[in-house]
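Q: Chains F and C, in that order, are what the protein sequence lines are.
Using this note's numbering, read the first sequence as starting at 748 and increasing by one per residue.
Using this note's numbering, read the second sequence as starting at 748 and increasing by one per residue.
For glycine and all other residues, C-beta sits at the position ideal for the given N, C-alpha and C.
There are 2 protein chains.
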Amino acid sequence: MVSIKQAAMKVLTKNTDYAIRALLALASKTGSYVSAKSIATEHDIPYQFLRRLLQEMIRHNLIVSKEGVQGGFMMQKDPDEITVTELIEIFQGKVQVSECMFRKQICGNRARCVLRHEIMRIEQVVQSEFEKVTIGKLLRDLEAANPVKLSSTPITHN
Amino acid sequence: MVSIKQAAMKVLTKNTDYAIRALLALASKTGSYVSAKSIATEHDIPYQFLRRLLQEMIRHNLIVSKEGVQGGFMMQKDPDEITVTELIEIFQGKVQVSECMFRKQICGNRARCVLRHEIMRIEQVVQSEFEKVTIGKLLRDLEAANPVKLSSTPITHN
DNA sequence: TATAACTGATACTATATTGGTATCAATTAA
DNA sequence: TTAATTGATACCAATATAGTATCAGTTATA
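(1) Of all Cβ atoms in chain F, is any one closer than 8 angstroms to the Cβ of E878/C?
(2) Between K757/F, N762/F and K761/F, which has its C-alpha nearest A760/C's C-alpha?
(3) Verify whether the separation of the beta carbon atoms of A772/C and H790/C is less than 8 angstroms.
(4) Between V816/F, G815/F, Y780/F and F820/F, which has its C-alpha nearest R799/F's C-alpha?
(5) Is it buried or exposed, P826/C, if we count other Cβ atoms within 10 angstroms and call 16 or more buried?
(6) Determine, using beta carbons only, whether G818/F and Y780/F come nearer to each other than 8 angstroms.
(7) Assuming contact is defined by CB atoms lying nearer than 8 angstroms, are E803/C and I837/C in contact in what I supplied?
(8) Tell me T830/F's beta-bridge partners as DSSP assigns them.
(9) Roughly how many angstroms lie between the CA atoms of T832/F and E878/F, to the nearest whole one?
(10) Pull up the distance between the alpha-carbon of V816/C and that of S782/C, whole angstroms please.
(11) On a CA-only basis, which of L770/C, K841/C, A774/C and V872/C is nearest L797/C? Give me that one, please.
(12) Closest to Q823/C by CA distance: which of L885/C, I866/C and L809/C is it?
(13) For a contact defined as C-beta to C-beta under 9 angstroms, what are the partners of I873/F on chain C?
(14) Could you check what DSSP says for S782/F in three-state terms: helix, strand or coil?
(15) Can you tell which of K776/C, D764/C and N762/C has the C-alpha that lies nearest to the C-alpha of E890/C?
(16) Have a look at I792/F and I786/F and give me their C-alpha separation to the nearest angstrom.
(17) Comparing the C-beta of E865/F with each C-beta of chain C, is any distance below 8 angstroms?
(18) For V873/C and V880/F, which I take to be in contact (beta-carbon distance under 8 angstroms), what is that distance rounded to the nearest angstrom?
(19) One question on the structure: do E865/C and I869/F come within less than 8 angstroms of each other, judged by their Cβ atoms?
(20) Could you tell me if T763/C is buried or exposed, where buried requires 16 or more neighbouring beta carbons within 10 angstroms of its beta carbon?
(21) Judging by CA-CA distance, which residue of G778/F, E828/F, T788/F and G840/F is the nearest neighbour of K813/F?
(22) Could you spell out the range, first to last residue, of the beta strand (DSSP E) harbouring I810/C?
(23) Under the three-state reduction of DSSP, which class applies to K776/F: helix, strand or coil?
(24) In the DSSP assignment, what are the bridge partners of G819/F?
(25) Within a Cβ cutoff of 7 angstroms, which residues of the same chain sit near L886/C, ignoring the five residues on either side of it in sequence?
(26) For Q839/C, count neighbouring C-beta atoms within 10 Å of its own C-beta (all shown protein chains included) and say buried if the count is 16 or more, exposed if not.
Set out below in structure tokens:
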């Protein structure tokens, strides 16, 4: 009797998780270039992995970069305009409920279509909730919880 | 410039999708045994795949089976008591936002913890929305949309 | 002007998940 | 007796996820 249950349905992958953390790091230092290396070290993100995420965010005009010594990355888009929904879409693709949904073709199963209706409604709820969460908001929450600075010292919680 | 974007963040995997369809098939014929073969054929679900899903649902006491000729599967649990949330949990694991969430250990990154707070709130919203959708509700929606019967004839939509 | 600190680009790898198939034993109605 | 059926499980292929490695180009500065 082997269960087919999986570990967990993940909402945020490492991609998105790391990207959010990197953006928070940049948003807390607007106006200056921050290197990938320092972000990786301070936030415990695998260096080369992080670099790919940063490149992707440049392509989406969330941040800009400067090459060479003293180079690095800097916020471009207003943190209050960067939603978690946007980041999920960049790194995990558009939220989609079942494969059927975006295929405008014959569907041999009407049961799925009833499901689809319910599920598109829920999808809207999920998206609108994630829309409310911006990098700017997270940064303010973060600073409120820890008034001094964006520290690199590990803390215990839970 | 190769994008790292994935195709889509899927909310329902095939497992859950097929399971819902199979349950609708059984719920529309309460009191009689329906074979895996007929469900597979009528609802275009891969036979062996479906059988695994049915076994799993037996383990969770959603349905019962009878072996041998004229055997098959039958609803056990009240369709109005079977929520999509329950099926997601059975086939995709508990909805979870980031790995950090259920690990009660030192977390070196407080940014993620601020995120966590927001995201647990959203998780609650998502779960409660999916709780509202039961097999019973879907079946009634299905019958309302198609008053005659749960047909096996493919229809075109969208 | 040489060099070290950087980004740009991209190829590669390992593991897990997802979706699906195959096989064989046991049961049971006809 | 046998064909239709479930129970149990092993196996496979494709894709996604997470992470590493490498090399070329840029630039501040010693």
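A: According to the structure shown:
(1) no
(2) It is Thr, not Ala, that sits at residue 760/C in the sequence shown. The shortest C-alpha separation from T760/C is found at K757/F.
(3) yes
(4) F820/F
(5) buried
(6) yes
(7) yes
(8) T881/F
(9) 6 angstroms
(10) 10 angstroms
(11) L770/C
(12) L809/C
(13) Note that residue 873/F is Val in the sequence shown here, rather than Ile. The answer, in chain order, is V758, I869, V872, V873 and E876.
(14) coil
(15) K776/C
(16) 8 angstroms
(17) yes
(18) With a Cβ gap of about 14 angstroms, V873/C and V880/F do not count as contacting.
(19) no
(20) buried
(21) G778/F
(22) I810 to K813
(23) coil
(24) K813/F
(25) L771, A774, S775 and P826
(26) buried
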